[in-house]
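Engineer:
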């Protein structure tokens with residue numbers, strides 16, 4: 004759903020209340036002014052919903068490609084109910100954009116297919132820096148907040164199958 008349509012749908016913002024929540028978050032250092040804004044949005048949502056900041060572990064990795072490795076380590080540690088990855092890939096003049104986007108997308112999809120814990124895709128893939136800024140707390144909201152919402156909802160969903 005596009006950000007414009009989503010922000011007007013208040014039903015999408017109703018979150019379940021979980022008795023506990025342990026989340027691992029991997030954040031790419033590349034384009035850190037964007038990825039740190041995504042992280043801040045997620046942390047604000049967790050705090051607003053009453054979750055303990057001590058139950059949210061954050062690690063930083065060099066770039067977006069490395070997010071899959073970090074997420075895999077977190078998933079297989081058995082410590083987390085959900086994992087979120089935050090990255091930002093801005094299109095340039097070479098095919099590098101496509102390789103990075105394909106790599107992280109496939110990696111997260113493979114981890115989700117394992118079914119151990121939900122891995123939430125918080126990677127912005129934009130044509131320019133302004134699009135990223137608009138989605139990291141700018142005019143189009145904060146996709147980090149949306150990733151935290153997805154983590155809570157997917158943990159609730161996952162609990163129904165245990």
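In our numbering, the protein residues as written are 4 to 165.
We treat Cβ as the ideally placed atom computed from N, Cα and C, and that holds for glycine.
Quick one: give me the first and last residue of the alpha helix (DSSP H) that residue 110 is part of.
Structural biologist: That run of the alpha helix (DSSP H) goes 99-117.
Engineer: Take residue 47 and list the residues in its own chain whose beta-carbon comes closer than 6 Å to its own, dropping the five residues that flank it on each side.
Structural biologist: none
Engineer: So residue 103 and residue 67 are in contact, right, with Cβ under 8 Å, and what is the actual spacing, rounded?
Structural biologist: Going by Cβ atoms, the distance from residue 103 to residue 67 rounds to 5 Å, so yes, they are a contact pair.
Engineer: Can you tell me whether residue 121 is buried or exposed? The criterion is at least 16 other CB atoms within 10 Å of its CB, across all chains shown.
Structural biologist: buried
Engineer: Enumerate, from N- to C-terminal direction, the unbroken beta strand (DSSP E) stretches of 3 or more residues contained entirely within the region 33-64.
Structural biologist: 59-64
Engineer: Roughly how many whole angstroms lie between the Cα atoms of residue 134 and residue 21?
Structural biologist: 33 Å
Engineer: To which residues does DSSP link residue 127 through a beta bridge?
Structural biologist: 91
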